[in-house]
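Asks: Quick note, this note's numbering runs 33 ahead of the 1-based positions in the sequence shown.
Just so it is clear, CB atoms sit at the ideal spot from N, CA and C, and this is done for glycine as well.
Please find one structure pasted underneath; my questions will follow.
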Amino acid sequence: MTSDATESSDWDRIEAHYPDDADLTLQVLKGHLLVEEILRDIFELLLSDPSALRGDRGTSFECHQIICLVQAMSEHSRGEAWLWFAAKRLNGIRNDLAHNLEPRSLEAKVASLIQFVTHDNPVVKGILDRLGTPEGMEFKAVILAMCGCLSSLKRLVLHEKSGAA
């Protein structure tokens, strides 16, 4: 698969599966799944033999572990420190939803993540200031920023892997 096809398929999946008009809970769950899916793709690309992790004697990793492993394994991760912090926060919010029927402070936690990604991060803030964010779409902007950064990282890793082959 070419890197352009990879990036296109990532965006196609976001377009197909992110529910703009859903309640916040579903947006968090779907957004998390989209971020996690790209992270797992990158993780597999970073491994020299990903099939060793599959099958009866294989293993699996929780999302937090995948975030930490991809961050640790990718030489490009230092340039996007905000991404790892945001991914861990998003995973924490998702875990609150998965393990509590009535999670406390969901709106406040999401608002804090939105603030961090869209205002405290100068790169993302600059892009959003230039393009604008429609009211009510702030959380989607966070998911798009995270997925866009991860998709670019995936493209870099894929390019490096194909160049080494």
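Leaving aside the five residues before and after I126 along the sequence, list all residues of the same chain whose C-beta is less than 6 Å from its C-beta, in chain order.
Replies: Within the same chain, V61, K142 come within 6 Å of I126 by CB-CB distance, once the 5 residues on both sides are set aside.
Asks: By DSSP, does T166 sit in helix, in strand, or in coil?
Replies: coil
Asks: Put L57 into one of helix, strand or coil per three-state DSSP.
Replies: helix
Asks: Using the three-state DSSP reduction, which class does G125 fall into: helix, strand or coil?
Replies: helix
Asks: Throw me the rounded Cβ distance for the V175 and L146 pair, which I believe falls under 8 Å.
Replies: Indeed, because the Cβ distance is near 6 Å, the residues count as touching under 8 Å.
Asks: Out of G64, T58, D153, which has the shortest C-alpha to C-alpha gap to A49?
Replies: Nearest C-alpha to A49: G64.
Asks: Work out the CA separation of Q104 and R111 for me, nearest whole Å.
Replies: 8 Å
Asks: Do I47 and L72 have their C-beta atoms within less than 7 Å of each other?
Replies: Their beta carbons are not under 7 Å apart, which means I47 does not touch L72 by this criterion.
Asks: Under the three-state reduction of DSSP, which class applies to D43: helix, strand or coil?
Replies: The answer is helix: DSSP assigns D43 an H, G or I state.
Asks: To the nearest angstrom, how far is it from the Cα of C96 to the Cα of E69?
Replies: 7 Å
Asks: For S107, decide whether its Cβ has a neighbour in chain B, counting only Cβ atoms nearer than 7 Å.
Replies: Of the protein chains in this structure there is only one, and it is not chain B.
Asks: By Cβ distance below 7 Å, which residues in the same chain neighbour K121 in space, the five residues on each side in sequence not counted?
Replies: H97, I100
Asks: Is D153 helix, strand or coil when you go by DSSP?
Replies: coil
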